[in-house]
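Have a look at the structure below, then the notes.
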Amino acid sequence: MSLTQDSGRNWPRERVEQTARAICDPPAIADLLAAAANPSPDEVRDILYEAGRGRGLTAAQAATLLQVTDPSLREQVKDAARQLHERLFARRVRLLAPVCPTNRCINECLYCPLRRSNSRLRRTASSARDLQREVTALVDEGHRHLTLVFGEDRSGIHYVCDMVNAAYGVRSGTRRVHRVDLNLNSSHPEELAALAQIERLGTYHVYQETYDPETYARLHVDGPKQDYAWRLTCHDRACEAGLRDVGLGVLLGLHDPRFDVLAVLIHAQYLLERYNTAAEVITYPRLLPVPGAPVTRDTSWQVDDEAFGFLIAVTRLVAPVTEIVLSTPATPEVRRQLYALGVSQVSVGSLSYPGVYSADGDPEAAGSLRIGRPRNLETLVYRMCEVGFVPNFCVECYAQIRQKLSDDSRQAERYPVHRAAANSLLALKEYLLDYASPETQNVAAGIIQEELARLPRKVRDATLDLMEEAEAGLRGQML
Ligand code: SF4
50 MSLTQDSGRN WPRERVEQTA RAICDPPAIA DLLAAAANPS PDEVRDILYE
100 AGRGRGLTAA QAATLLQVTD PSLREQVKDA ARQLHERLFA RRVRLLAPVC
150 PTNRCINECL YCPLRRSNSR LRRTASSARD LQREVTALVD EGHRHLTLVF
200 GEDRSGIHYV CDMVNAAYGV RSGTRRVHRV DLNLNSSHPE ELAALAQIER
250 LGTYHVYQET YDPETYARLH VDGPKQDYAW RLTCHDRACE AGLRDVGLGV
300 LLGLHDPRFD VLAVLIHAQY LLERYNTAAE VITYPRLLPV PGAPVTRDTS
350 WQVDDEAFGF LIAVTRLVAP VTEIVLSTPA TPEVRRQLYA LGVSQVSVGS
400 LSYPGVYSAD GDPEAAGSLR IGRPRNLETL VYRMCEVGFV PNFCVECYAQ
450 IRQKLSDDSR QAERYPVHRA AANSLLALKE YLLDYASPET QNVAAGIIQE
500 ELARLPRKVR DATLDLMEEA EAGLRGQML
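Counted from 1, the sequence shown has number 459 at position 410 by this note's numbering; the numbering is strictly sequential.
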């Protein structure tokens, strides 16, 4: 499919520019941050009180929190986030596996080893059959939720659709994929219309990388992704095409993280007001030094673990029911802190190369994407349970939660806390019965008991009944 940047009938250039200005006004964001500098403790506490109601915060309030530098006040911000996150997400962490069908890309993003001019990378693209082998390996391990990650490949949208359909088509006994998300570059209306035809398509993620236009121009030196405004407006086109779930994100470390996080939160509020579809998912990958992308060695805007946790905490307070994804490696201790502060989804394994899960890929295709090895799912499940979190395999809750929240702003009081908690326990129970070793079953049984005890009696009894049915062999039971 060959399309020019303004070929979308309803998206002439003027509309693109106008919409981009409505989403992100960089001088206004800088002014908000400047006006919020050096907030007083009282000011911050008032905002935290407001945040505790779970109705989100305004852009000005978000700016104030982002400007907190005093260590004890930052701790108070984190405490407030922990409490809100605990109330809404009840220690659940959704697990998803990133799959990379192709490492081909025509863009030249200076922070990415997949950029077109990186000749050290051996380029390859999976066929539908190759991908199905990988997906089979993943479902046989217990995965239900995948994100297919694409660069900008000339194979076009048909290739993307074929890969999504191939993933959904995998059957290994009764095992299958329950949700496939896409991490894709900005698409044209015609392409989005094709994606919208895919039944049960999950979240359409497009990260702006940085909302600062100058930094964006400096780092995107060739290819269609150079067009800042076109990329910024892609979620609008996705919503118009009928895609329900969209994901935003920035690559922390490219520019001032306070600016970029505030911009992404304002973008999410814009989508909520305009389409009643708040960014369902926000992802904050962190810039890591990798060969093949020298820019990644620039530490001017490096985000350390403390700062990362703080940004997650602010995001949780501003966007109470939005899923927040951890997609870059962290130590087990940092990971545990992030789960408590607001992270509700984690990528199991780092972004890798085509064929890595089925062991028939070419390691030379990984280049610097060999950031660690894909982690073993059961190990992560075990570790999560061990420190008191619930590995969440339930993906059906997305639709239920969206339905529940859709006729109102995304306010915490409408969030179906108990139902989501019960369904995650049911999905965990099924995972344990079908895949886990006795050691993992043991440690997870403790978590299940603790979590059941927190549920209202009626919900607990219904959950226990369904667990008995799962033990008898029934699958897919939900409240
Ligand atoms: S960031 Fe994405 S678009 Fe840019 S070079 Fe990498 S894969 Fe391609």
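Yeah, the Cβ is synthetic: ideal placement off N, Cα and C, and Gly gets one too.
Cβ separation of residue i and residue j, assumed to be a contact under 8 Å, to the nearest whole Å
{"i": "HIS254", "j": "GLY296", "result": "4 Å"}
{"i": "VAL392", "j": "VAL142", "result": "7 Å"}
{"i": "GLY437", "j": "ILE361", "result": "Actually they are not in contact, since the Cβ atoms of GLY437 and ILE361 sit about 18 Å apart, beyond 8 Å."}
{"i": "SER407", "j": "GLU183", "result": "5 Å"}
{"i": "TYR160", "j": "LEU303", "result": "7 Å"}
{"i": "HIS100", "j": "LEU390", "result": "Sequence check: residue 100 is Ala here, not His. At roughly 13 Å, the Cβ-Cβ gap does not stay under 8 Å, so ALA100 and LEU390 are not in contact."}
{"i": "VAL299", "j": "THR259", "result": "6 Å"}
{"i": "ALA111", "j": "LEU314", "result": "5 Å"}
{"i": "GLY200", "j": "THR264", "result": "Incorrect: roughly 20 Å between the Cβ atoms, too far for contact."}
{"i": "THR345", "j": "PRO338", "result": "5 Å"}
{"i": "LEU301", "j": "VAL352", "result": "5 Å"}
{"i": "GLN526", "j": "GLU520", "result": "That belief does not hold up - the Cβ atoms of GLN526 and GLU520 are roughly 11 Å apart, past 8 Å."}
{"i": "THR113", "j": "VAL93", "result": "7 Å"}
{"i": "ASP202", "j": "ALA177", "result": "About 15 Å; that fails the 8 Å criterion."}
{"i": "ALA216", "j": "LEU195", "result": "6 Å"}
{"i": "ALA368", "j": "GLY105", "result": "6 Å"}
Span of the alpha helix (DSSP H), counted from its first residue to its last, around residue i
{"i": "HIS134", "result": "120-138"}
{"i": "ILE155", "result": "No alpha helix (DSSP H) holds ILE155; DSSP gives it neither H nor E."}
{"i": "SER396", "result": "Not the alpha helix (DSSP H): SER396 falls in the beta strand (DSSP E), residues 394-396."}
{"i": "VAL492", "result": "487-503"}
{"i": "PRO306", "result": "306-324"}
{"i": "GLY358", "result": "354-367"}
{"i": "TRP279", "result": "277-281"}
{"i": "VAL430", "result": "426-435"}
{"i": "ALA109", "result": "108-115"}
{"i": "SER527", "result": "Per the sequence presented here, residue 527 reads as Met, with Ser not at that position. Looking at the DSSP string, MET527 is not in any alpha helix (DSSP H), and its letter there is neither H nor E."}
{"i": "HIS467", "result": "466-484"}
{"i": "ARG509", "result": "506-520"}
{"i": "GLU445", "result": "No alpha helix (DSSP H) holds GLU445; DSSP gives it neither H nor E."}
{"i": "TYR98", "result": "90-100"}
{"i": "LEU163", "result": "Per DSSP, LEU163 belongs to no alpha helix (DSSP H) and is neither H nor E."}
{"i": "THR68", "result": "62-72"}
{"i": "ALA245", "result": "238-245"}
Bridge partner(s) assigned by DSSP for residue i
{"i": "PRO440", "result": "VAL142"}
{"i": "GLU258", "result": "VAL299"}
{"i": "SER221", "result": "ARG224"}
{"i": "ASP230", "result": "THR196"}
{"i": "PRO147", "result": "THR196"}
{"i": "THR332", "result": "GLY298 and VAL374"}
{"i": "ALA84", "result": "DSSP lists no partner for ALA84."}
{"i": "TYR388", "result": "BP columns for TYR388 are empty, so no partner."}
{"i": "ASP271", "result": "GLU157"}
{"i": "ALA174", "result": "THR151"}
{"i": "LEU250", "result": "VAL229"}
{"i": "ALA342", "result": "VAL339"}
Any non-hydrogen atom of the ligand SF4 closer than 7 Å to residue i Cβ
{"i": "GLU63", "result": "no"}
{"i": "GLU66", "result": "no"}
{"i": "GLY267", "result": "According to the sequence provided, residue 267 is Arg. The question's Gly does not apply to it. No - the ligand SF4 has no heavy atom lying nearer than 7 Å to the Cβ of ARG267."}
{"i": "LEU163", "result": "yes"}
{"i": "GLU240", "result": "no"}
{"i": "CYS158", "result": "yes"}
{"i": "GLY200", "result": "yes"}
{"i": "LYS507", "result": "no"}
{"i": "LYS478", "result": "no"}
{"i": "CYS154", "result": "yes"}
{"i": "ASN234", "result": "yes"}
{"i": "LYS127", "result": "no"}
Where the beta strand (DSSP E) containing residue i begins and where it ends
{"i": "ARG292", "result": "Checking the sequence shown, residue 292 turns out to be Leu, not Arg. Here LEU292 belongs to no beta strand (DSSP E), and DSSP marks it neither H nor E."}
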